[in-house]
Amino acid sequence: MWLRRRSKPKHPRLTVSIQTKNSESRLGRLLEEVGSFADEIVVGVDADSDDRTLEVAAANADIIYKFRHPGIFSPVRFLRFDYATGDWILSLDDDESIDESFDELIPELLSDPRPTHYLFPRKYIVNLQPCEYLYDSVWNPNWTKRLFRNDRRLFWKPPRVHTDSYIQGLGYHEERVSILHFESLHCSPDRRQEKMDFYRRAGANEQDEVYYHPPTDANRRLTVLRNPKPPLKKRSGLVHSEIRELKVAPHPDWRFELLNENLPTRIEMNGTIKAEIEVKNLGHYWSPCLGSWPRLSLSYHLLDMQGSMVSYDNPRFAVLRPVDTGKSLTFLCTFVAPGDAGNYQLEWDMVNDGECWFADLGGATYRTSIEVF
């Protein structure tokens, strides 16, 4: 009798994503470093670059695409999901690197089924000989989300400067590896001033500027740069000719439809109401409410029969399981009826607490009439 040989488990693949402009002088170094451990390298090049950034990327990466953004960079962050084929994405800026310890950790981090993303501390490098980073309260630890699953549904980048990405699901803080950030060494004083002026015009918090102007007496510590390693493989250098023209979206596409409602329509004053409300997700993926972004719930506004507001904020009924686009969820709701007799309307809507009601984005709401006696 022949026994079927078990196939060797496929290891998760890692895509390194870099999005850049006018980085000819430093991009090659970064691509050489990540080439020693990345299964795939994807580089997005700003179409307004006027140096050899595109040529450097084509010689050292697998996939290269071009983009043009509308004056703010956040829409660019979504593009990597259109080109990356790995199971996970490591996002690096062109003035960064990553600790050498990351190489041995890759199988462990990528094979863990629990997290959707990892946060790494970022070291602000201020000197190379010896290699030192800022070890002070503002700059260390400076946690940043850089390794995440290749699942666009989980990701959102607010269209504001100096905001970290939002990633739905469980995030782990990983202290065994750090992002090495070389901005202070690569950026001239004039260029840094241009950046500060742009950030101010874009509404950045003035406190953010301290990152770019550390005091001379800030504490420092030694760290180690990566050693050169041979490349993992020869890169294909596929350049997409299309220029992706981008627009800003202020929020995810949050929308829903009320499918069914099962609740009493005649209720005693201050009586407890129990209801089943079934809704369908018509837009962006919903993850369970775990305390971080998003904090999605079903709720309602209480109106009189003329449509005037009686109470705006009312009990929230949290999303407690994942709901993909086109799928439905039934909420089991318990709340207390108004204390005054009369006829009312419950206007049902979904809300992402701290951000917006779905109706604020143009979505529909649904009204239920009740009599309180």
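Quick note on this note's numbering: the sequence shown kicks off at 2 and runs consecutively.
The beta carbon of each residue, even a glycine, is placed where N, CA and C say it ideally should be.
It should be emphasised that the depicted structure is a prediction, and the values quoted were computed from it without experimental measurement.
Can you list, in chain order, the residues of its chain with a C-beta nearer than 8 Å to that of residue i? Leave out the 5 residues immediately preceding and following it.
i: T273; result: T335, F336, V337 and A338
i: A342; result: M270, V373 and F374
i: L135; result: K124, Y125, V127, N141, P215, A219, N220 and R221
i: E33; result: N61, P229 and P232
i: L247; result: F68, R69, H70, P71, P76, V77 and L80
i: N315; result: S300, Y301, H302, L303 and F336
i: E41; result: R14, L15, T16, V17, D63, I64, A85, T86 and G87
Identify, in the order they occur along the chain, each residue of the same chain with its Cβ nearer than 6 Å to the Cβ of residue i, setting aside the five sequence neighbours on each side.
i: T326; result: N282
i: I65; result: V44, A58, A59 and V240
i: R322; result: P289
i: D354; result: R296
i: D100; result: V178 and S179
i: W294; result: Y167
May I have the straight-line CA-CA distance separating residue i from residue j, to the nearest angstrom?
i: G340; j: Y167; result: 40 Å
i: R256; j: G284; result: 5 Å
i: L347; j: W358; result: 15 Å
i: A276; j: H252; result: 30 Å
i: P11; j: S237; result: Note on identity: in this sequence residue 11 is Lys, with Pro being the wrong assignment. Their Cα atoms are separated by approximately 22 Å.
i: Y84; j: D305; result: 51 Å
i: L186; j: V77; result: 25 Å
i: E262; j: Q20; result: 47 Å
i: A39; j: H302; result: 50 Å
i: T145; j: S309; result: 45 Å
i: I318; j: D350; result: Per the sequence presented here, residue 318 reads as Phe, with Ile not at that position. Whole-angstrom Cα-Cα distance: 11 Å.
i: Q169; j: D113; result: 16 Å
i: D1; j: E279; result: In the structure as shown, the chain begins at 2 and stops at 374. Residue 1 is therefore absent and cannot be evaluated.
i: G172; j: R115; result: 9 Å
i: H174; j: N143; result: 11 Å
i: I268; j: I371; result: 7 Å
i: D361; j: H182; result: 38 Å
i: G36; j: R30; result: 10 Å
i: L368; j: F332; result: With the sequence shown as reference, residue 368 is identified as Arg, and Leu is not the correct amino acid for it. So the two alpha carbons sit approximately 16 Å from each other.
i: R227; j: E356; result: 41 Å
Can you tell me where the beta strand (DSSP E) holding residue i begins and where it ends?
i: P122; result: H118 to L129
i: R256; result: R256 -> no beta strand (DSSP E), and no H or E assigned at all.
i: E1; result: Only positions 2 to 374 of the chain appear in the structure, and residue 1 is not among them; the question remains open.
i: N282; result: T273 to N282
Once you ignore the five residues that flank residue i on each side, which residues in its own chain have a CB closer than 7 Å to its CB?
i: D94; result: none
i: L106; result: R177 and V178
i: R5; result: Here R5 scores only 47 on pLDDT, less than 50, and its place in the model is too uncertain to base an answer on.
Can you name the start and end residues of the alpha helix (DSSP H) that residue i belongs to?
i: R27; result: E25 to V35
i: S185; result: E184 to H187
i: S18; result: Looking at the DSSP string, S18 is not in any alpha helix (DSSP H); the run it does join, the beta strand (DSSP E), is L15 to T21.
i: L106; result: F103 to S112
Discussion item. Could you tell me which whole alpha helix (DSSP H) segments of length 4 or greater appear in the segment 50-82?
Written reply: 54-61
Practice prompt. Evaluate contact between the segment 60-76 and the segment 146-155, counting only Cβ atoms and requiring at least three cross-stretch pairs below 8 Å.
Written response: no
Worksheet item: Is it a yes or a no for the segment 153-164 touching the segment 285-299, going by three-plus beta-carbon pairs under 8 Å?
Response: yes
Discussion item. Restricting to runs no shorter than 3 residues, where is the beta strand (DSSP E) found entirely within the segment 304-362?
Written reply: 310-312, 329-337 and 343-353
Discussion item. Would you call the segment 16-34 in contact with the segment 123-135, where contact means no fewer than 3 C-beta pairs closer than 8 Å?
Written reply: no
Item to complete: Count the C-beta pairs between the segment 227-234 and the segment 49-58 that are closer than 8 Å, then say yes if the count reaches three, no if not.
Response: no
Fill in: Three or more C-beta pairs below 8 Å linking the segment 13-20 and the segment 85-94
yes
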